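Beneath this line is the structure, given in structure tokens, with notes to follow.
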Amino acid sequence: MNVDTAKDTRQFLIEQVLLDQQRESKASIRKPLSYISGERVHKPMIYVGMATCGRIAGAEKTFHAIKGYLSDHDIDADLIEGGCVGLCKEEPLVDVQLPGKTRLSFSKVNAENVQPLLDDILNDNLPEHGWLGQYKNPILQNWDQVPYVEDHPFFSHQKRLLLEHCGMIDPESIESYIAKGGYWAFADTIARYTPAKVCEMIIQSGLAGRGGGGFPAGEKWEAALKTTSDQKYFVCNAVESDPGSYMNRAIIESNPHRLIEAVLIASYAIGAGKAFIFIRKEFKLAIKRLEAAIEQATEYGLIGHHIYDSGVNIDVVVKKGARAFVCGEETALNNSIEGKRAMPEFKPPYPAEKGLWNKPTIVNNVETLFNVPLIIKNGPAWFQSLGTERSRGTKLFTLSGSLKNYGTVEVPMGISFRDIINHIGGGLTGDKAFKAIVLGINSGSYITGETLDTRVDFDELKKMGSALGSGAFVVLDKGVCMVDLAKYFTAFFKKESCGKCIPCREGTARMLEVMENATRKPSHNNSFQTLERFKGVMQLKSLAAVIGETSLCSLGRSAPNAILNTLKYFKSEFDAHIFERKCEANICTDLREFHIDVDACTGCTACFKKCPVEAIIGSPRFPHFIVQDKCIGCGTCYDVCKFNAVIIQ
Numbered sequence: 000m001n002v003d004t005a006k007d008t009r010q011f012l013i014e015q016v017l018l019d020q021q022r023e024s025k026a027s028i029r030k031p032l033s034y035i036s037g038e039r040v041h042k043p044m045i046y047v048g049m050a051t052c053g054r055i056a057g058a059e060k061t062f063h064a065i066k067g068y069l070s071d072h073d074i075d076a077d078l079i080e081g082g083c084v085g086l087c088k089e090e091p092l093v094d095v096q097l098p099g100k101t102r103l104s105f106s107k108v109n110a111e112n113v114q115p116l117l118d119d120i121l122n123d124n125l126p127e128h129g130w131l132g133q134y135k136n137p138i139l140q141n142w143d144q145v146p147y148v149e150d151h152p153f154f155s156h157q158k159r160l161l162l163e164h165c166g167m168i169d170p171e172s173i174e175s176y177i178a179k180g181g182y183w184a185f186a187d188t189i190a191r192y193t194p195a196k197v198c199e200m201i202i203q204s205g206l207a208g209r210g211g212g213g214f215p216a217g218e219k220w221e222a223a224l225k226t227t228s229d230q231k232y233f234v235c236n237a238v239e240s241d242p243g244s245y246m247n248r249a250i251i252e253s254n255p256h257r258l259i260e261a262v263l264i265a266s267y268a269i270g271a272g273k274a275f276i277f278i279r280k281e282f283k284l285a286i287k288r289l290e291a292a293i294e295q296a297t298e299y300g301l302i303g304h305h306i307y308d309s310g311v312n313i314d315v316v317v318k319k320g321a322r323a324f325v326c327g328e329e330t331a332l333n334n335s336i337e338g339k340r341a342m343p344e345f346k347p348p349y350p351a352e353k354g355l356w357n358k359p360t361i362v363n364n365v366e367t368l369f370n371v372p373l374i375i376k377n378g379p380a381w382f383q384s385l386g387t388e389r390s391r392g393t394k395l396f397t398l399s400g401s402l403k404n405y406g407t408v409e410v411p412m413g414i415s416f417r418d419i420i421n422h423i424g425g426g427l428t429g430d431k432a433f434k435a436i437v438l439g440i441n442s443g444s445y446i447t448g449e450t451l452d453t454r455v456d457f458d459e460l461k462k463m464g465s466a467l468g469s470g471a472f473v474v475l476d477k478g479v480c481m482v483d484l485a486k487y488f489t490a491f492f493k494k495e496s497c498g499k500c501i502p503c504r505e506g507t508a509r510m511l512e513v514m515e516n517a518t519r520k521p522s523h524n525n526s527f528q529t530l531e532r533f534k535g536v537m538q539l540k541s542l543a544a545v546i547g548e549t550s551l552c553s554l555g556r557s558a559p560n561a562i563l564n565t566l567k568y569f570k571s572e573f574d575a576h577i578f579e580r581k582c583e584a585n586i587c588t589d590l591r592e593f594h595i596d597v598d599a600c601t602g603c604t605a606c607f608k609k610c611p612v613e614a615i616i617g618s619p620r621f622p623h624f625i626v627q628d629k630c631i632g633c634g635t636c637y638d639v640c641k642f643n644a645v646i647i648q
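Under numbering that gives the first Met the number 0, the sequence shown has 60 at position 61, and the numbering climbs by one with no breaks.
Structure, rendered in structure tokens:
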């Protein structure tokens, strides 16, 4: 296919969109491309955020309430099940656009307030409250005194390239994606560039893998391209089993065609005839929209045999798997696709040389691939102009924890963690004191108050002994016990260990024993238990180092990070647990001691009646007492006391 053919292909895609729209419409004339892309509408358009986050917040009930309203009032309007714009805190989100007017976004629209909202807006009356803002559009009339969504603090400090169309287009419509320029990069790729040239462009762009390792994506592709084989495979890793991260699922649910286009480009670049999108079977909505998108792309001739007379043959298959953290490791993921147990293999040989069914295979994650169509469309130099000298482009994060604003965000590489918290996140809830940021369980990295001005940059984090992680961004306040958190991380890795290598299988179990001893209520007159606890703690650092250095895959190598970073940044908390048997945050139930203030106690007997182990004694209308030997630290007495007589020491 030559350059002229590429232009014809793009034009054909647009013509197909227009023809399909004409068939569905009673109008005798074609609708302009601006209508299909959502810039203009000829009748009211109502867009409901129906990604998983919206559905959890009640968007399905909102959608059905809107559908019922339109039916009852015989109103002809387009009602769209959409994706997620990222601001999950304000879900359910409903956007309304009237002919000639800009698109309005309303937050926290539940089923009960659908009627008053639509009564106003469909009669061209702006509701007094409830709107999030309006979207800028120079060809449409603005609503008076309504701020722009782009100026909202959550959005104004972002650089939305990968998220540009998320929450804005119909994720179940290929026409909506094509009208926004979708699949044009793929058309150009197979028409204008050789596979070697595509690999060169990705290398020149400086795109690094976003799965946590930061390895140059183009170099991986080139290695597979140069490996001679009669069959090659491309794999998109969409497992996303890292607790605290859901951004890959959100962008797949919101813009599945972008991922498919990226997979097609990557498959062409390495010479792969078949591509797999490996995703957790629990992601039912993402799977539904992916499979529908693949079917639509196949109907348009973008997937399959001899694509647009180019001689290129690529099949794309969705492969559903169980939630297993070890599948984040590429060789374990390949084993799972083959129907084997998900266990990592020794490297070398690397999958680029010997992967699926012993054929050259490349594995990239969702965020990495979402950058590819943009690089092809705008060029490597454009991508290099974004971010920092060694970390190009943008980074997706899932903001959660003690933040006023939470959701999926996209920030330019080089922004400081302090700016993300204060500007995009809106600061901590309830004006709580900041303690740390956890950058994904797979990295076990902490950003503390002393390092909060560190930039989002692979090299800067590497210098301080941390890693960027896969995208989880959990903000912790002073009410969190870091020792308890490290114990949770260790228990997670123990559970997720595939058991293949001894350091990971046995080492995580031993580390968990030490952490449980550190947070367990001490037994009186048990000197052996005390000796065992001290001995375990003394060996903990060296044990963690051995596990990190000798484990087979990245799961085992990262398993000790949470403990090592807790010892590095929060050693005083660790010492308090070990030596003083105290938890400063009062989170570790076994170390909490509850006492009753006799001056404040009225003898109401509420605590006496609710104590599950009968550890409270006393008579009605007289002060009560807690028998410490029986107390299990559950806190029930603290919760039921109405006179603040129960105190924690």
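Ideal Cβ positions, reconstructed from N, Cα and C, are used throughout, including at glycine. The structure displayed is predicted, hence computed values, not measured ones.
The residues G243, S399, G400 and V437, in chain order, have a CB closer than 6 Å to that of V473 in the same chain once the five nearest residues on each side in sequence are set aside.
Judged by DSSP secondary structure, S399 falls within the beta strand (DSSP E) whose first and last residues are T393 to G400. Pairing E260 with P170 gives a Cβ-Cβ distance that is not under 8 Å. The secondary-structure analysis by DSSP pairs Q133 across a beta bridge with L103 and Y147. The way I'd put it, the stretch 596-607 doesn't touch the stretch 500-507; fewer than three beta-carbon pairs between them come closer than 8 Å.
Its chain contains M481, V482, A485 and F573 as the residues whose beta carbon lies nearer than 7 Å to that of T565, once the 5 sequence neighbours on both sides are disregarded; these appear in chain order.
The three-state reading of DSSP puts L451 in coil, since its state is none of H, G, I, E or B. Under DSSP, F233 shares a beta bridge with A274 and I361. Taken through DSSP and simplified to helix, strand or coil, E290 comes out as helix. In the three-state DSSP reduction, F154 falls in the helix class (H, G or I).
Per DSSP, A471 is not a residue of any alpha helix (DSSP H); the beta strand (DSSP E) it occupies stretches across A471 to D476.
Under the DSSP assignment, T407 falls outside any alpha helix (DSSP H), being part of the beta strand (DSSP E) whose first and last residues are G406 to P411.
Within the model, the alpha-carbon separation for V536 versus V513 is close to 6 Å. In the three-state DSSP reduction, M44 falls in the strand class (E or B). Note: L427 is bridge-paired with L402 in the DSSP secondary-structure output. Here T227 is exposed. Its C-beta has fewer than 16 other C-beta atoms within 10 Å. Of the candidates D75, R279, L542 and S469, S469 places its Cα closest to the Cα of G439. In the three-state scheme derived from DSSP, where H, G and I count as helix and E and B as strand, R279 is classed as strand.
Y267 and A490 have their alpha carbons spaced roughly 41 Å apart. With 16 or more neighbouring CB atoms inside 10 Å of its own CB, H164 falls in the buried class. Listed as beta-bridge partners of G303 by DSSP are I313. Here I65 is near V113, since their CB atoms are less than 8 Å apart. Between the C-alpha atoms of S309 and S496 there is a straight-line separation of about 45 Å. A432 sits exposed, since fewer than 16 C-beta atoms from the chains shown fall within 10 Å of its C-beta.
For I276 and L92, the gap between their C-alpha atoms comes out near 29 Å. Excluding the 5 residues flanking it on each side, L368 has same chain C-beta neighbours closer than 7 Å at C235, L258, A261, V262 and A265, in chain order. When DSSP reads this structure, S541 sits in no beta bridge, so it has no partner.
Inclusion of C606 and C633 in the CB contact set at 8 Å is not warranted, their separation being larger than that value. Under the three-state reduction of DSSP output, Q295 falls in the helix class. Around the beta carbon of N357, a 10 Å sphere encloses fewer than 16 other beta carbons of the protein chains shown; the residue is thus reported as exposed.
In the displayed model, V437 falls within a strand according to three-state DSSP. For D73, the secondary structure class from DSSP, reduced to helix, strand or coil, is coil. Of the other Cβ atoms in all chains shown, fewer than 16 fall within 10 Å of the Cβ of L125; this residue is therefore exposed. Boundaries of the alpha helix (DSSP H) around H256: P255 to I269. Contact check for K318 and I336: beta-carbon distance about 6 Å, within the 8 Å limit, so the pair qualifies. For the set I646, I595 and V639, the Cα lying nearest the Cα of F621 is the one of I595.
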